[in-house]
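Chain order of the listed sequences is E and F. First residue of the first sequence: 0, per numbering that gives the first Met the number 0; consecutive thereafter. First residue of the second sequence: 0, per numbering that gives the first Met the number 0; consecutive thereafter. Glycine included, each C-beta is placed from N, C-alpha and C at the ideal position.
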Amino acid sequence: MSTESSRRRWLTGMAFLLPNIAGFLAFTLVPLVLSFGMAFTDWDMLRHNMFRHEPLSFTGLENFVRLFRDPQFWRDLGNTMFLLLGLPFAIAGSLGAALLLTKINGRRQAVGPALVVATLMLVASGLVLLRGGMAEQGVWCLFGTLAASVLVAGVLSGGTVYRTLFYLPNFTAGVATYVLWKKLYNPHTGPINFGLASLLDGVSSVVRTDPRVVGYGLPVLCGAVAVLLVLWQLRRLWRRWDDADTGTAAIVAAALTLAIPLALLTSWQGWSLPVAVGVAALGAATIIVSTLRRPRPWGKTRTLDTGLGTELGLALVLIPVLTLLVGGIILGPILPAQAAVGIDPPNWLGDYGWAKPALMIMALWAAIGSNNMILYLAGLSNIPPELYEAADMDGASPGQRFWHITWPQLAPVTFFIAVMGVINGMQGGFDMARTMTAGGPAGATTTLSYLIFIEGFETGRLGYASAAAWVLFVLVFVFSLLNFRFGNRDAND
Amino acid sequence: MNATPPSPPAAARSLGLHGLMTVLSLAMLAPFAWMILASLKTLAEAGDPAWLPRSAQWDNYLEVFRVIPFLRFMANSLVIAGWVTLLQVFTSSLAAFSFARLDWPGRDRVFFLYLGTMMLPGLVMVIPNYQIMVRFGLVDSYLGLVLPSAFTAFGTFLLRQFMLGIPRALDEAAEIDGASKWRVYWDVILPLSRPGLVTLAIFTFMGNYQSFFWPLVMMKNVDKYTLPVGLLFFDSEHGQATHLLMAAVTMSVVPLIVLFVFLQRQFIRGIQLGAVKG
């Protein structure tokens, strides 16, 4: 191969690349370099604008030092991380929806019974309409009719209609969703609290009948289930440890599983310091243990269900479950006293503790039927049926089929979704904060992206904002690196 | 449909599944049902927790056009998203062709560099990009809104993956017939990449139609607002007009629904394509 032709080929290749790479350099690389430079200056719109031209001065690491000393930065970082905890729910939701849809597709359709049920619903809603008129009962009639038509359409289409309906929130993604949910969450006029209020009245009257049973029973029940789950996870961990291979990372996953729910709930109650210490200790212990006793080097001994994808996925699923259980333990003793005066529905976006969960619920609604569900559907259809047939011959239970075949086979998809979810989640929250809460109440929903917006475009401290953006960049980078280091091993087989 | 009817327990299970899916679908639908019902209320009823309006105020939809320049906003959104889409599909397909079909020294290294930049948080670029726009006088201009979004590594990546799946024999045959690289790109690869191109176009269009941050900081003149920014007129300190807001949101979704209805199959295939391993 002559240099002549190699040069020619390079030129041709570059010619095709040019339009894209020119724009890319101009609007990605140049800003990136600029941003890095800005992070070390005192660029401030108050002093450097079209009327005043004070010279920019290089301030070294001052912006970063100020950032790390700023309690608001840590609060916003905490908020960002907190919102990121919605990701496991979203992944579980999408996977669940995809599994259900696949199940329906593989099943013979019960057209007859569905038609009967739908007709009954229609008749019932028609009767409601006739007796009650349009006023209060009209909405039930509406839902009855909707349900009947969804059911019929779903059966006739073999599930495609459900998929489309699940996908609907994507069309209103962004501001449209946010303003809609802002109205839904309105504590006085929104439908959510309208419905919750009557539900909670029912709950409090039940609690009032026997407060002691609820006060002790709920925490004990939740505690028992939580302990069982923890023991089960520890057993898995122990087995994994003996199996070597992914031992190290599995420990990290397990530690996270146990530490995060506790940290979350206790920090919500306001005892964050002891918890932070505890979590740090746990993390440190994990790292020490894993470096001291690494069983075999990252070997090739792998059966279907080993590998970190499974372990991380399990951690992701267990974290929300344990959070709910620990929540039950905390809630139990408070409940009777609350019930005596009547339980009010939360003030959602207006309440410091509820604002973030409210945003996470909304995000979950949007995420279930999102592109992630479609990815899972594709992943599920790619699993060779022979695997399930073999499992059936061995008499595997549905749970075993899931954990030993479906879940490991989906590891690449889950990995992709998790990586993208973390990258987007770390940068997210601006649109929500801007349209729904203005970052409040008391900064409860101010994420790093909102901080960067405020500093960069409202107070005009560009240097400071750039420093914050670069810290975010480094965080995203480290997360992605960890993901690729630990999670990718199954995904790219 | 099967010739033999399902046995009773199977039918019951199937019905149970469908029942569950119906309930879930309703949970997904309920916010939209509320949205449409709220859009038909009067101003007084908007603060009322009841779902149904006493009588449907279809006039609300006309009122939206009277209160804000809704069509203007929508046109802005469509034009901007359209241009971004056009530019992105064109430049990405060129770059993807170069990565997938041309052999040049250093190609794979450049590609991985490209791929790595997909991980860059867009937020890092926003502040300097705005200063660049100020410098070149592009603030408050369509061009300033279009350009930074028009060149992404994601599009190149997606199309490259797609083009790798097209049999090489096809373009080799064309080259033996004396076609230039450009002819191969334009006459062979591009037509065969149609599903990939449509996918990228849909993704880009939807993403830019809904984008909020950049239009918010860039557009100063109300006439140049895009829909997501313009919608907030109905939800500001100056006035809360829930009924009009819901009417406007409902109308803002229409173009995307139309897009989806026409391109549904390619859409779903495309999403799956997005996760093809590199």
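Would residue i pass as an interface residue toward chain E - the criterion being a Cβ-Cβ separation below 7 Å?
i, result
"F:K180", "yes"
"F:D234", "yes"
"F:S251", "yes"
"F:G46", "yes"
"F:S38", "no"
"F:A149", "yes"
"F:D107", "no"
"F:M217", "no"
"F:G115", "no"
"F:D139", "no"
"F:A94", "yes"
"F:Q209", "yes"
"F:A168", "no"
Going by the beta-carbon positions, is the gap between residue i and residue j smaller than 7 Å?
i, j, result
"E:M44", "E:G459", "yes"
"E:L150", "F:T21", "yes"
"E:L164", "F:S24", "yes"
"F:P288", "E:V475", "Since the first residue shown for chain F is 0 and the last is 277, residue 288 of chain F is missing from the structure and cannot be characterised."
"E:D430", "F:F204", "no"
"E:A338", "E:R207", "yes"
"E:I404", "E:P87", "no"
"E:L66", "E:A410", "no"
"F:V253", "F:S148", "no"
"E:L461", "E:W42", "yes"
"F:F184", "F:F96", "Strictly speaking, residue 184 of chain F in this sequence is Tyr, with Phe absent from that position. Yes, the Cβ-Cβ distance between F:Y184 and F:F96 is below 7 Å."
"E:D75", "E:L471", "no"
"E:T434", "E:V174", "yes"
"E:L334", "E:V213", "yes"
"E:G12", "F:L157", "no"
"F:T116", "F:A152", "yes"
"E:L328", "E:C221", "Inspection of the sequence shows that residue 328 of chain E is occupied by Ile rather than by Leu. A contact, by the Cβ cut-off of 7 Å."
"F:A74", "F:N207", "no"
"E:I416", "E:N371", "yes"
"E:G331", "E:L217", "yes"
"E:P100", "E:G158", "Note that residue 100 of chain E corresponds to Leu in the displayed sequence, not to Pro. Yes, the Cβ-Cβ distance between E:L100 and E:G158 is below 7 Å."
Suppose the cutoff is 6 Å on Cβ atoms and the five residues either side in sequence are ignored; what does the same chain contact list for residue i look like?
i, result
"E:F26", "none"
"F:V88", "L196, L199 and A200"
"F:S92", "L158"
"E:M361", "W180"
"F:M118", "none"
"E:I382", "Q408"
Please confirm if residue i has its CB atom under 7 Å from at least one CB of chain F.
i, result
"E:Y514", "With chain E represented from 0 up to 492, any question about residue 514 of chain E goes unanswered, as that position is not in the structure."
"E:P18", "yes"
"E:L164", "yes"
"E:F57", "no"
"E:A172", "yes"
"E:S148", "no"
"E:I342", "no"
"E:I360", "no"
"E:V475", "yes"
"E:G22", "yes"
"E:F193", "yes"
"E:F494", "Nothing in the structure corresponds to residue 494 of chain E, since chain E is present only between 0 and 492."
Keeping to the same chain, check which residues put their C-beta closer than 7 Å to that of residue i; ignore five residues upstream and five downstream.
i, result
"E:G153", "V160 and Y161"
"F:K276", "In this prediction, F:K276 has a pLDDT of 38, which is less than 50 and means its spatial position is unreliable; what the coordinates show is noted afterwards. Excluding residues within five positions, none has a Cβ falling inside 7 Å."
"E:V116", "L150"
"E:Y184", "I191, W347, L348 and A357"
"E:G438", "A432, T444, T445 and Y449"
Who are the near neighbours of residue i in its chain, counting only those whose CB is closer than 8 Å to its CB and skipping five residues on each side?
i, result
"F:V138", "Y129, M132, M217 and K219"
What are the start and end residues of each continuous alpha helix (DSSP H) run of 4 or more residues lying completely inside the segment 29 to 96 of chain E, in chain order? Given a length threshold of 4 residues, each whole run of the alpha helix (DSSP H) inside the segment 29 to 96 of chain E is given here in chain order: 29 to 37, 61 to 68 and 70 to 83.
Counting only runs that start and end within the segment 351 to 402 of chain E, where is the alpha helix (DSSP H) found for 4 or more residues in a row? Unbroken alpha helix (DSSP H) stretches of 4 residues or longer found wholly inside the segment 351 to 402 of chain E: 351 to 367, 370 to 380, 384 to 392 and 397 to 400, given in chain order.
Residues in the segment 179 to 190 of chain E having any Cβ partner in chain A nearer than 9 Å: This model lacks chain A altogether; the protein chains it does include are E and F.
Specify whether the segment 241 to 261 of chain F and the segment 32 to 43 of chain F touch according to this definition: at least 3 beta carbon pairs, one from each stretch, less than 8 Å apart. In this structure the segment 241 to 261 of chain F touches the segment 32 to 43 of chain F; the number of beta carbon pairs closer than 8 Å is three or more.
Whether or not the segment 136 to 144 of chain F and the segment 218 to 226 of chain F are in contact is what I'm after, with contact meaning three or more pairs of Cβ atoms, one per stretch, closer than 8 Å; do they touch? Yes, they touch.
In chain order, each alpha helix (DSSP H) run of at least 4 residues that lies wholly inside the segment 185 to 213 of chain F: Counting whole runs of 4 or more residues, the segment 185 to 213 of chain F contains the alpha helix (DSSP H) stretches 193 to 208.
Using 8 Å as the threshold, is the segment 187 to 205 of chain E in touch with the segment 342 to 352 of chain E, meaning 3 or more CB pairs across them? Enough Cβ pairs lie closer than 8 Å, so yes.
Ordered list of alpha helix (DSSP H) runs contained in the segment 185 to 223 of chain E, each at least 4 residues: DSSP runs (the alpha helix (DSSP H)) wholly in the segment 185 to 223 of chain E: 190 to 208.
Can you list the alpha helix (DSSP H) stretches of 4 or more residues lying completely in the segment 13 to 74 of chain F, in chain order? Secondary structure within the segment 13 to 74 of chain F: the alpha helix (DSSP H) runs of 4 or more consecutive residues, fully enclosed, are 58 to 66 (chain order).
So does the segment 373 to 381 of chain E actually touch the segment 393 to 400 of chain E, counting three or more Cβ pairs closer than 8 Å? With a cut-off of 8 Å, the segment 393 to 400 of chain E and the segment 373 to 381 of chain E do not count as touching, because too few Cβ pairs lie within range.
Answer yes if the segment 43 to 56 of chain F comes into contact with the segment 176 to 191 of chain F, meaning at least three C-beta pairs across the two stretches below 8 Å, and no otherwise. No: the two stretches stay apart, fewer than three of their Cβ pairs being nearer than 8 Å.
Which ranges would you report for the alpha helix (DSSP H) in the segment 425 to 479 of chain E if only whole runs of at least 4 residues count? Taking only runs of at least 4 residues, the alpha helix (DSSP H) segments lying wholly in the segment 425 to 479 of chain E are 447 to 452.
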